[in-house]
Structure formats: C-alpha cells, structure tokens
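>
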Amino acid sequence: MKLHFDHALVARLLAHAQAASEHSPTYDQLDDPAFFKAGVSSRHPTGADVDRTKIPAGLMLVGDNGIYLMSNGYPILGDPDGHGSLVAYASEADPRTRPDDWYDVKRASFGGDDGAEFLSADTIRKALEATVGSRLWIDVTPARISCPYLASPQKNRSGQPDGGSGKACSE
Numbered sequence: 001m002k003l004h005f006d007h008a009l010v011a012r013l014l015a016h017a018q019a020a021s022e023h024s025p026t027y028d029q030l031d032d033p034a035f036f037k038a039g040v041s042s043r044h045p046t047g048a049d050v051d052r053t054k055i056p057a058g059l060m061l062v063g064d065n066g067i068y069l070m071s072n073g074y075p076i077l078g079d080p081d082g083h084g085s086l087v088a089y090a091s092e093a094d095p096r097t098r099p100d101d102w103y104d105v106k107r108a109s110f111g112g113d114d115g116a117e118f119l120s121a122d123t124i125r126k127a128l129e130a131t132v133g134s135r136l137w138i139d140v141t142p143a144r145i146s147c148p149y150l151a152s153p154q155k156n157r158s159g160q161p162d163g164g165s166g167k168a169c170s171e
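Encoded structure:
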C-alpha cells in the first residue's frame, strides 16, 4: 500500500538525522553486535549497551498509533507542540485526521504488531529526490518496504543517454 508523507517535513527529519553525531537504534539494531560498545557481549542488550555513534543516520518507519517517519538522530528533534518527537504521519494512517480508519490502514500495510523499521539516510534522500514537487511515497506491506528513486541515465546502443526512469528501491 502506498503511503504518502509531507515532503518538506521528511526532508527536515532527514536533515536532523544527518546532523546528529549519535543515533537511536531500532530493536533490530539493538540486537546487532556491530553496534555494541566495546566489551559488551550480552545476549540481552539494552540501550546502554549500544554505542550510539555506530548507528547510521536515517529515519524510522514506525507502526504504532498510526504510521509515521521520525528521525533517529539523538537527542530527539522535539515536536513544537511539546508532544515528544516531531514525526511525519502517513496521510492515510494519521489518527489526528483519520480517526475512523487509520488502524485498518496500519494493519493492512504495516501488520498488526507495533514496531519500527530503519530506513537509511541514502534511501530517504533518493526517495526525496525522486518525488520533488509532490508528496514522498513509500510502498509498505507487512513483508516489504519500497520507495522511489531516480535511476541513473542508461546508455543506448549508440552510447547516448536514454534518460532516467523512476524505479523502486527496497529496504
């Protein structure tokens, strides 16, 4: 299911993530030994066991009370209204504007369980470039996440560029 996000707000979230020197981990990253602090070999790591400087910059696609993107930059980018982190809701799954059907959209696209998926800064940057002048979209199913990107110009048989085309990259 294609979910649409405010382009400018997603760009702001990405800028925050890229400017941060530390990043918050997803649950998958929390369990990845590549992100542990030196000397940690826990089978049950906590946030204190993770070296936040090793976590790459990006956004988290969160399925919870709606579906939204948020920066993984640390410290958080606060919501101007003082309600935690600033987030970019998918217009189809925003409980503030779609109180009657956001949950059905969340279940159909993200699945029934709550969670967060990491989307790299490069993936988001390419998706933003591919959707300039419109809303960013991300195609989300319980099994797959894909987003648009602009392919490099292909050369035809005579060696001349054919021009780029929109394609989807998978996370």
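Under the UniProt record's numbering, the residue at position 6 of the sequence shown is numbered 6, and the numbers go up by one with no gaps. For glycine and all other residues, C-beta sits at the position ideal for the given N, C-alpha and C. A quick note: this is a predicted structure, and the numbers were derived from the prediction, not measured.
From F118 to S42, what does the alpha carbon distance come to, in whole angstroms?
The alpha-carbon atoms of F118 and S42 are separated by roughly 22 Å.
> Using the rule of at least 16 other Cβ atoms within 10 Å of the residue's Cβ for burial, across every protein chain shown, is Y149 buried or exposed?
With 16 or more Cβ atoms within 10 Å of its Cβ, Y149 is classed as buried.
> Any idea which residues DSSP pairs K126 with across the strands?
DSSP output for K126 lists no bridge partner at all.
> Output the distance between the C-alpha atoms of M1 and A108, rounded to the nearest integer angstrom.
Looking at the two C-alpha atoms, the distance is approximately 8 Å.
> Within this structure, are the beta carbons of A88 and L61 separated by less than 7 Å?
For A88 and L61, no; Cβs fall outside 7 Å.
> Excluding the 5 residues flanking S24 on each side, which residues of the same chain have their C-beta closer than 6 Å to its C-beta?
Only N72, Y74 meet the Cβ criterion.
> List the whole-angstrom C-beta distance separating L86 from V10, where the pair is believed to meet the contact cut-off of C-beta under 8 Å.
That belief does not hold up - the Cβ atoms of L86 and V10 are roughly 11 Å apart, past 8 Å.
> Name the DSSP bridge partner or partners of S120?
Looking at the DSSP assignment, S120 forms a beta bridge with G58.
> Report yes if the CB atom of V132 is closer than 7 Å to the CB atom of L3, and no otherwise.
Going by C-beta atoms, V132 is not nearer than 7 Å to L3.
> Just to confirm my understanding: we take A17, look at its own chain, exclude 5 residues before and 5 after, and list those with CB closer than 8 Å. What are they?
Same-chain partners within the cutoff: H23, A57, G58, L59, S71, N72, G73, A121.
> Which one or two residues does DSSP pair with residue 207 in a beta bridge?
The question about residue 207 has no answer, for the chain in this structure spans 1 to 171.
> With burial defined as no fewer than 16 other Cβ atoms inside 10 Å of the residue's Cβ, what is the status of A38: buried or exposed?
It counts as exposed.
> Can you tell me whether D104 is buried or exposed? The criterion is at least 16 other CB atoms within 10 Å of its CB, across all chains shown.
Answer is exposed; the Cβ neighbour count stays below 16.
> Quick check on the DSSP output: the alpha helix (DSSP H) that includes S109 runs from which residue to which?
Its alpha helix (DSSP H) spans residues 102-109.
> Per the DSSP calculation, A88 is bridged to which residue(s)?
According to DSSP, which records beta bridges pairwise, A88 is partnered with L69.
> For I55, which residues of its own chain have a beta-carbon under 8 Å away from its beta-carbon, when the five flanking residues on both sides are left out?
Excluding residues within five positions, the ones whose Cβ falls inside 8 Å are E22, H23, S24, P25, Q29, F35, N72.
> Can you tell me where the alpha helix (DSSP H) holding A11 begins and where it ends?
Its alpha helix (DSSP H) spans residues 7-19.
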